[in-house]
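Below is one structure, written out as structure tokens; comments come after it.
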Amino acid sequence: MASRSVNRATLIGNLGKDPELRYTSSGVAVASFSLATNESWKDPDGNIQERTQWHNIVAWRKLAEICGEFLKKGSKVYVEGRLQYRNYDDKNGVKRYVTEIVIDEMVMLDSKGGAPPSEPASSHIQETSTEKSDDLPF
Numbered sequence: 009m010a011s012r013s014v015n016r017a018t019l020i021g022n023l024g025k026d027p028e029l030r031y032t033s034s035g036v037a038v039a040s041f042s043l044a045t046n047e048s049w050k051d052p053d054g055n056i057q058e059r060t061q062w063h064n065i066v067a068w069r070k071l072a073e074i075c076g077e078f079l080k081k082g083s084k085v086y087v088e089g090r091l092q093y094r095n096y097d098d099k100n101g102v103k104r105y106v107t108e109i110v111i112d113e114m115v116m117l118d119s120k121g122g123a124p125p126s127e128p129a130s131s132h133i134q135e136t137s138t139e140k141s142d143d144l145p146f
């Protein structure tokens, strides 16, 4: 019997920049953006400390187009997807490593992101993606 595994990431955070929408050579939409999550705690002296983590987010197809159209810097969103690791050689031939979350669900949590007037700000969008990372346009 094969062992089962899970690769799932769930985040709620704010966009650090507007999504960048591109299309692969075969015409498939892909959007990328950064998402900030915050954590806070009290240190031993009772002072509140904060830390921000930045996450690279990638969406494909219709979900990518929706992200590109309705999300803006500062938008609060819920995203769910899988962790993906990849590497590439930059223009100077230096190998770069990237960790990203390829999302298949996104919920806009505020109207700041420009939710369509006919839909509530908490619109739930789900996408099934089987796109291979080799087709990334960046």
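If you read the sequence shown in this note's numbering, its first letter stands for residue 9, the second for the next number, and so on. Backbone N, C-alpha and C define an ideal beta-carbon position, used for all residues, glycine too. Note that the structure is predicted; figures quoted are calculated from it, not measured.
ask   = When DSSP labels each residue in this structure, what does K84 get in the three-state scheme?
value = Stepping through the sequence shown from its first residue, residue 84 is reached at position 76. K84: strand per DSSP, three-state reduction.
request  = Evaluate G54 with the Cβ neighbour count: other Cβ atoms within 10 Å of its Cβ, from every protein chain shown; 16 or more gives buried, anything less gives exposed.
outcome  = Taking the sequence shown and counting its residues from 1, the one referred to as residue 54 is at position 46. So G54 ends up on the exposed side.
query = Which residues in the same chain as V110 place their Cβ atom closer than 6 Å to its Cβ, once the five residues preceding and following it in sequence are excluded?
reply = The count along the sequence shown starts at 1 and reaches residue 110 at position 102. So the qualifying residues of the chain are V66, G89, R90, Q92.
CB contact flag (K84, D26, <8 Å) = On the sequence shown, position 76 is the one that residue 84 refers to. On the sequence shown, position 18 is the one that residue 26 refers to. Not in contact: K84 and D26 (Cβ atoms no closer than 8 Å).
query = How far does the beta strand (DSSP E) with K50 in it reach, from first residue to last?
reply = As a position in the sequence shown, residue 50 is number 42, starting the count at 1. Unbroken beta strand (DSSP E) run through K50: 37–50.
query = What separation, rounded to the nearest whole angstrom, lies between the Cα atoms of P125 and N100?
reply = Taking the first residue of the sequence shown as 1, we reach residue 125 at position 117. Taking the first residue of the sequence shown as 1, we reach residue 100 at position 92. The predicted position of P125 is uncertain, since its pLDDT is 41 and thus under 50; a value taken from the coordinates is nonetheless stated next. Approximately 46 Å, taken between the alpha carbons.
key: Three-state secondary structure (DSSP) of G5   = Here the chain comprises residues numbered 9 to 146, so residue 5 is not present and cannot be evaluated.
message = Taking a contact to mean a Cβ-Cβ separation below 8 Å, would you say W62 touches G24 in this structure?
response = One-based indexing of the sequence shown puts residue 62 at position 54. One-based indexing of the sequence shown puts residue 24 at position 16. Against a cut-off of 8 Å, the Cβ pair of G24 and W62 comes out as a contact.
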